[in-house]
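Chemist:
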DNA sequence: TCTCCCGACCTACCTG
DNA sequence: CAGGTAGGGTACTGCC
DNA sequence: GGCAGTACTTTGGCGC
DNA sequence: GCGCCAAATCGGGAGA
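Protein chains in written order, with this note's numbering: chain W, 16 to 224; chain S, 16 to 224.
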């Protein structure tokens, strides 16, 4: 299984391709960071990111694209570009017909470190070890992208419910799987549809780091 | 001059093509609203929006694409899809090599109604009148998209931010007679105001649109 | 080029 | 003329 | 299909 | 097993 992990960002967007099996040894295929200069018009920056992601998908032909979900507090301004970048990643994947998975920062940390509260350095270190790299991926964002990819392989794209972006309006609370049935209004007939959608529901936004 | 106005949204994304000259009579070329169902995976929804926008650009060959700028308050979740949609519009335009303009809701209202505080109904009414439509554009988002397009034609592209960054200082449109936006230097209290806005937004209940 | 630190919406309208 | 202030949205759910 | 109402962050960790 | 608590960011510019 090959996964393209994406750490969305406007100035720096991390891209990392990881290969391996669930529970097996993982191998880093490629890693890079897309940089766009502040003086360039926004649409150009986004376009650059978009094209780069599409190029990577075309080149590496991943089985899935994993995007780090966005977490935004009240500080909105900074996340916009990030969110847009994540959207581009999602569209690029959808356009290529590739499976999509999203992961929150906590999930990623928990996946690679075993602790959702893990320090950033910890994550980098673990990524380096897991992929048996000689040295830590240089721009920090690269490591994060790889971490997301790892999370995708180990935890699977089986994300829960809706995304933050959609403004779920329905805090599911604890049990995700159980909540699926509870949520559907016309659960009997639509159950199948919902299950399907839910299974594929690795959507949502991206997060920042 | 032909402009594609976009009112970004995930569930409903308004698209409106307006044609005319600055200060001249305007004509509506086309209008529509892209709808995507909540049960569809996010990436699919975004893809649908993206493709539709690209199709419209290809079909109508606008000279510019105008996008309504997003203002995010403390409520983040709802804007995500919106922001992503706007990003898609920007990229679609950039990809097609079309000029891009962004406009805040206030700008749009001011451009169309002469009053930045204009009611939504007012905007719809003015759009209907300006474009000499028999009836108001059906979904409200459609009217908004048209309004954005109108604003683009009448006020020109809003890329002051880009200008400042690029140092070109070259407003794309031809010179306009009206008052130019004067930058308010009052940045000192920004934090305070932000905190205030945030606090207010958190406590009070939101009104309907 | 990478690192570290700081700051965090944008406009229109009304009032003095 | 300058400064300060207030305002601005959306996606989901249920119902008509 | 359209209109109106409401809520608006999420998640892992730890304690109970 | 359930519930409550606490924490989480990124982009721009200057300096090494």
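All C-beta atoms in this analysis are idealised placements derived from N, C-alpha and C, irrespective of residue type, glycine included. What you are looking at is a predicted structure, and each value in this text was computed from that prediction instead of being measured.
1) Check the Cβ-Cβ distances between residue 59 of chain S and every residue of chain W, and say whether any is below 8 Å.
2) Any Cβ of chain W within less than 8 Å of the Cβ of residue 105 of chain S?
3) Anything in the stretch 115-127 of chain W with a Cβ closer than 9 Å to a Cβ of chain S? List those residues in chain order, please.
4) Taking the beta strand (DSSP E) that residue 50 of chain W belongs to, which residues open and close that run?
5) Buried or exposed: where does residue 134 of chain S fall if 16 or more other Cβ atoms within 10 Å of its Cβ makes it buried?
6) What would DSSP say about residue 22 of chain S, mapped onto helix, strand or coil?
7) Between residue 113 of chain W and residue 50 of chain S, what straight-line distance do the alpha-carbon atoms span, to the nearest angstrom?
8) Would you mind working out which of S:52, S:163 and S:19 sits nearest residue 120 of chain S, comparing C-alpha positions?
9) Please return the same chain residues whose Cβ sits closer than 7 Å to the Cβ of residue 215 of chain W, not counting the five positions on each side in sequence.
10) Hey, could you find the ends of the beta strand (DSSP E) residue 116 of chain W is sitting in?
11) Which residue's Cα is closest to the Cα of residue 148 of chain W: W:140, W:23 and W:100?
12) Quick check on DSSP: helix, strand or coil for residue 35 of chain S?
13) Per the DSSP calculation, residue 29 of chain S is bridged to which residue(s)?
14) Is residue 38 of chain S near residue 116 of chain S, with beta carbons less than 8 Å apart?
15) Using a Cβ-based criterion (distance less than 7 Å to any ligand heavy atom), does residue 92 of chain S qualify as near the ligand COA?
16) Mapping DSSP to helix, strand and coil, what is residue 142 of chain W?
17) Where does residue 54 of chain W sit, in a helix, a strand or coil, going by DSSP?
18) Does the count of Cβ pairs from the stretch 86-100 of chain W and the stretch 25-36 of chain W closer than 8 Å reach three?
19) Using a Cβ-Cβ cut-off of 8 Å, state whether residue 109 of chain W counts as contacting chain S.
20) Using a Cβ-Cβ cut-off of 6 Å (strictly less than) and excluding sequence neighbours within five positions of residue 17 of chain W, which residues of its own chain qualify?
21) Name the residues in the stretch 33-65 of chain W whose C-beta lies less than 7 Å from a C-beta of chain S; which are they?
22) For residue 200 of chain W, does the three-state DSSP call read helix, strand or coil?
23) Compare the beta carbon distance of residue 166 of chain W and residue 31 of chain W with 8 Å and say whether it is the shorter of the two.
24) Just verifying my parser: in three-state terms, what is the DSSP assignment at residue 91 of chain S?
25) Judging by CA-CA distance, which residue of S:42, S:126, S:131 and S:106 is the nearest neighbour of residue 80 of chain S?
26) Short check: CB of residue 111 of chain S to CB of residue 170 of chain S, under 8 Å?
27) Give the interface partners of residue 18 of chain W over in chain S, defined as CB-CB distance under 9 Å, in chain order.
28) Nearest CA to the CA of residue 68 of chain S: which residue from S:46, S:122 and S:54?
29) In terms of alpha-carbon separation, which member of W:155, W:142, W:138 and W:102 lies closest to residue 82 of chain W?
30) If the criterion is Cβ atoms closer than 8 Å, does the pair residue 72 of chain W and residue 108 of chain W meet it?
31) Give the range of the alpha helix (DSSP H) segment to which residue 157 of chain S is assigned.
Modeler: The relevant details are as follows:
1) Position 44 of the second chain, counting from 1, holds the residue named residue 59 of chain S. Taking Cβ atoms only, chain W reaches closer than 8 Å to residue 59 of chain S, which makes this a yes.
2) Within the second chain, the letter at position 90 stands for residue 105 of chain S. So, interface residue.
3) Answer set for the stretch 115-127 of chain W: 115 and 117.
4) Mapped onto the first chain, residue 50 of chain W falls at position 35. 41-50 is the extent of the beta strand (DSSP E) around residue 50 of chain W.
5) Here residue 134 of chain S refers to the residue found at position 119 of the second chain. Classification for residue 134 of chain S: exposed.
6) By 1-based counting over the second chain, the position of residue 22 of chain S is 7. In the structure shown, residue 22 of chain S sits in a strand (DSSP, three-state: E or B).
7) Here residue 113 of chain W is taken as the residue at index 98 of the first chain, counted from 1. Here residue 50 of chain S is taken as the residue at index 35 of the second chain, counted from 1. Roughly 23 Å between the two C-alpha positions.
8) As a working mapping, residue 120 of chain S is identified with position 105 in the second chain. Checked all of S:52, S:163 and S:19; the closest Cα to residue 120 of chain S is S:163.
9) For the purposes of this step, residue 215 of chain W is identified with residue 200 of the first chain, where counting begins at 1. The pLDDT assigned to residue 215 of chain W is 36, lower than 50, so where the model puts this residue is not dependable; a value taken from the coordinates is nonetheless given after this. So no residue of the chain qualifies.
10) Position 101 of the first chain, counted from the start, is the residue given in the question as residue 116 of chain W. Run containing residue 116 of chain W: 114-118, per the beta strand (DSSP E) assignment.
11) Here residue 148 of chain W refers to the residue found at position 133 of the first chain. The shortest C-alpha separation from residue 148 of chain W is found at W:140.
12) Here residue 35 of chain S refers to the residue found at position 20 when the second chain is read from its first residue. Three-state result, residue 35 of chain S: strand.
13) The residue labelled residue 29 of chain S in the question sits at position 14 within the second chain. S:22 and S:48, per the DSSP bridge assignment.
14) Here residue 38 of chain S corresponds to residue number 23 of the second chain, with the count starting at 1. Here residue 116 of chain S corresponds to residue number 101 of the second chain, with the count starting at 1. It is not a contact, given that the beta carbons lie outside the stated cut-off.
15) What this structure holds is no ligand at all, so the ligand COA is not there to describe.
16) In the first chain, counting from the first residue as 1, residue 142 of chain W sits at position 127. Helix.
17) As a working mapping, residue 54 of chain W is identified with position 39 in the first chain. Three-state result, residue 54 of chain W: coil.
18) yes
19) Looking up residue 109 of chain W in the first chain gives position 94. Closer than 8 Å: yes.
20) Translated into positions along the first chain, residue 17 of chain W becomes position 2. Around residue 17 of chain W: 34, 77 and 78.
21) 53, 54, 56, 57, 58, 59, 61, 62 and 65
22) Taking the first chain and counting its residues from 1, the one referred to as residue 200 of chain W is at position 185. Legend: pLDDT at residue 200 of chain W = 31, less than 50; position of this residue unreliable, no value from coordinates given.
23) Residue 166 of chain W sits at position 151 when you count from the first residue of the first chain. Residue 31 of chain W sits at position 16 when you count from the first residue of the first chain. No. Outside cutoff.
24) As a position in the second chain, residue 91 of chain S is number 76, starting the count at 1. Of the three classes helix, strand and coil, the one that applies to residue 91 of chain S here is coil, per DSSP.
25) As a first step, residue 80 of chain S is located in the second chain; it is residue number 65 there, counting from the start. When each option's Cα is compared against that of residue 80 of chain S, the closest is S:106.
26) The sequence position of residue 111 of chain S within the second chain is 96, counting from 1. The sequence position of residue 170 of chain S within the second chain is 155, counting from 1. No. Outside cutoff.
27) Mapped onto the first chain, residue 18 of chain W falls at position 3. By Cβ distance, chain S contributes nothing, its closest Cβ being about 15 Å from residue 18 of chain W, past 9 Å.
28) Locating residue 68 of chain S in the second chain gives position 53, where the first residue counts as 1. For residue 68 of chain S, the closest alpha carbon among the candidates S:46, S:122 and S:54 is that of S:46.
29) Mapped onto the first chain, residue 82 of chain W falls at position 67. Nearest Cα to residue 82 of chain W within the set W:155, W:142, W:138 and W:102: W:102.
30) To locate residue 72 of chain W, count along the first chain from 1; it is residue 57. To locate residue 108 of chain W, count along the first chain from 1; it is residue 93. Yes. Within cutoff.
31) Translated into the one-based positions of the second chain, residue 157 of chain S becomes position 142. Note, residue 157 of chain S: alpha helix (DSSP H), 155-170.
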